[in-house]
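Each residue of the sequence shown is one higher than the last, beginning at 1 in UniProt numbering.
Beta carbons are placed, not taken as given, at the ideal position from N, Cα and C, and that holds for glycine.
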Amino acid sequence: MVVDHLSAACKNNKDIGVACIYLNHKEVENQTPSRLLAGLWRQLVLDRKIGSTAEDLYKQHQEKGTSPSLEEVVTILRSSITELSKVFIIIDAMDEYPEFQRGILLQELAAIGSNVNLMFTSRPHITPKPSSFPNVKTLDFQAAPEDIRGYINAQIKSSPRLSKHIQKKPMLQEEIHEKITDAVAGMFLLARLHIESLSSEATITAVRKALKHLPKSLNATYDGAMKRIKDQGDKNKEIAYSALTWVVNAKRPLTVPEIQTALAIEPDSQELDEDNVMDIETILSVCAGLVIVDKESSVVRLVHFTTQEYLDSIQVQLFPNAQTEITHTLLTFLAFDGYPDSSWELKNLPPSG
1 MVVDHLSAAC KNNKDIGVAC IYLNHKEVEN QTPSRLLAGL WRQLVLDRKI GSTAEDLYKQ
61 HQEKGTSPSL EEVVTILRSS ITELSKVFII IDAMDEYPEF QRGILLQELA AIGSNVNLMF
121 TSRPHITPKP SSFPNVKTLD FQAAPEDIRG YINAQIKSSP RLSKHIQKKP MLQEEIHEKI
181 TDAVAGMFLL ARLHIESLSS EATITAVRKA LKHLPKSLNA TYDGAMKRIK DQGDKNKEIA
241 YSALTWVVNA KRPLTVPEIQ TALAIEPDSQ ELDEDNVMDI ETILSVCAGL VIVDKESSVV
301 RLVHFTTQEY LDSIQVQLFP NAQTEITHTL LTFLAFDGYP DSSWELKNLP PSG
């Protein structure tokens with residue numbers, strides 16, 4: 001929203017630059033400080049002259065088959081910034097970036113130019129050093145009650161079970177609004193997880209009982225989600241545990257076909273049984289809202305970075321054989337009859353950590 005607003009406001013002024021970075025804990029290997037700063041530079045020079053310094057640097061590294069160093073990237077970025085009257089840079093999800101690399105990135109951004117306005121989004125425990133950013137202002141963002149209400153209404157409409165409950169007892173909708181709004185303290189993620197929990201309740205009485213005991217912390221809410229997964233039956237639990245194992249341990253976000261293929265491979269099978277490939281909706285439905293598909297990128301991911309942290313903390317107890325199972329699945333895939341063929345490449349394999 002911030003990026004869209006700035007881009008729209010500045011689109012007719014070529015002297016103002018807008019650039020952004022979306023950090024992702026699953027993309028740490030690709031999102032090095034050098035690559036991130038190079039990405040900012042590319043955004044700022046879009047539809048503008050690149051400059052001789054950048055052209056010379058490109059030719060130099062193209063001939064050698066190398067990549068620019070951090071210092072070289074910073075040099076051309078600063079050069080481009082000096083040609084603009086004002087620059088807005090937005091860094092989203094700074095808390096998902098490893099501490100060491102975060103320190104390098106913040107150090108370079110702090111000295112990048114006096115005409116640069118920086119905005120970071122992060123959970124509260126990550127704050128830039130006042131000495132590096134003396135004029136930093138911290139704003140605490142919480143969802144307004146009306147926004148939470150609108151979200152709850154939309155989720156109720158999309159839930160066949162909750163919609164039927166409310167058709168029978170219209171006052172139930174207001175009860176849901178009141179209890180969830182009180183429990184989440186402006187946190188959309190909690191509202192999302194609570195609605196997901198209520199959507200699984202089979203009766204109006206069960207919904208009301210659940211409303212009386214809505215957890216107010218993320219960890220307690222995640223505990224509840226894992227209990228629902230465990231209680232839903234052996235087959236669905238197995239699907240959910242397998243999906244979580246792959247998503248949690250993958251080094252990068254998995255695509256929908258990748259997770260479908262990974263879950264379809266049976267031990268000691270000699271080929272992929274297409275009839276054993278599940279719809280992505282089936283996979284998501286048994287994961288208690290912890291796994292989602294990003295609509296823009298069509299990748300499968302956990303609902304939030306804190307979900308990764310939570311599952312990492314219980315993985316030894318919950319998925320003690322995760323690495324072994326992933327390895328066996330990949331080896332089975334590689335040993336398929338007729339592999340490799342033109343439709344698969346090593347880069348398409350689900351990566352594991």
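How many angstroms separate the CA atom of residue i from the CA atom of residue j?
| i | j | result |
| --- | --- | --- |
| D337 | T327 | 18 Å |
| D268 | I90 | 49 Å |
| N219 | E196 | 16 Å |
| D140 | V73 | 33 Å |
| V299 | E258 | 9 Å |
| S4 | L105 | Checking the displayed sequence, the identity of residue 4 turns out to be Asp instead of Ser. So the alpha carbons of these two residues sit roughly 23 Å apart. |
| L6 | R123 | 23 Å |
| A144 | L172 | 21 Å |
| Q60 | H304 | 41 Å |
| G17 | R149 | 36 Å |
| I180 | K11 | 40 Å |
| M1 | H25 | 21 Å |
| W41 | N135 | 24 Å |
| A8 | F100 | 34 Å |
| residue 406 | L190 | Lying outside 1 to 353, the shown extent of the chain, residue 406 is not represented and no answer is given. |
| D273 | L284 | 21 Å |
| L70 | L211 | 52 Å |
| Q31 | E108 | 15 Å |
| V277 | A240 | 14 Å |
| A38 | V87 | 15 Å |
| G186 | N115 | 34 Å |
| A154 | E174 | 14 Å |
| L118 | I50 | 23 Å |
| L77 | S34 | 11 Å |
| I126 | L334 | 42 Å |
| A264 | N321 | 18 Å |
| E29 | K216 | 34 Å |
| E309 | Q315 | 10 Å |
| E325 | D279 | 22 Å |
| L331 | L46 | 44 Å |
| L36 | Q43 | 11 Å |
| I166 | Q323 | 44 Å |
| F319 | A262 | 16 Å |
| Y58 | P98 | 29 Å |
| H194 | K64 | 55 Å |
Grouping DSSP H, G and I as helix and E and B as strand, with all else coil, what is residue i?
| i | result |
| --- | --- |
| D147 | helix |
| I283 | helix |
| G17 | strand |
| Y58 | helix |
| M278 | coil |
| N24 | coil |
| F134 | Note on identity: in this sequence residue 134 is Pro, with Phe being the wrong assignment. The answer is coil: DSSP assigns P134 none of H, G, I, E or B. |
| Y222 | helix |
| P267 | coil |
| Q232 | coil |
| G39 | helix |
| H5 | helix |
| K157 | helix |
| Q31 | coil |
| Y97 | coil |
| T324 | helix |
| L272 | coil |
| F336 | coil |
| S242 | helix |
| H213 | coil |
According to DSSP, residue i sits in a beta bridge with which residue or residues?
| i | result |
| --- | --- |
| R301 | I292 |
| F88 | V18 and N117 |
| L254 | V300 |
So which of the options has the shortest CA-CA distance to residue i?
| i | options | result |
| --- | --- | --- |
| D275 | Q260, C287 and G289 | Q260 |
| T306 | T324, I283, E266 and V248 | V248 |
| Y151 | Y97, I176, A54 and Q167 | I176 |
| T138 | S132, S217 and F120 | F120 |
| T221 | Q317, N115 and F188 | F188 |
| E27 | R301, P215, K164 and V184 | R301 |
| L290 | L311, D279, G113 and E271 | L311 |
| I112 | G224, L84 and P98 | L84 |
| A202 | S163, K64 and L331 | S163 |
| residue 364 | P170, F133 and C287 | The requested residue 364 is not part of the displayed model; the chain covers only 1 to 353. |
| E146 | K168, E178, P170 and A262 | E178 |
| G103 | A225, H165 and S132 | S132 |
Taking 8 Å as the line, does the beta carbon of residue i fall inside it for any heavy atom of the ligand GTP?
| i | result |
| --- | --- |
| G51 | You won't find the ligand GTP in this model; it holds no ligand whatsoever. |
>> Between the segment 11-29 and the segment 92-102, can you find at least three pairs of beta-carbon atoms closer than 8 Å?
In response: yes
> Counting Cβ pairs closer than 8 Å, one from the segment 245-261 and one from the segment 286-305, do we hit at least three?
Replying inline: Put simply, the segment 245-261 touches the segment 286-305. At least three CB pairs are less than 8 Å apart.
> Touching or not, the segment 183-201 and the segment 154-164, by the rule of three or more beta carbon pairs under 8 Å?
Replying inline: yes
>> Does the structure place the segment 227-246 close enough to the segment 203-219 that three or more beta carbon pairs sit under 8 Å?
In response: Inter-segment contact for the segment 203-219 and the segment 227-246 is absent: fewer than three beta-carbon pairs are separated by less than 8 Å.
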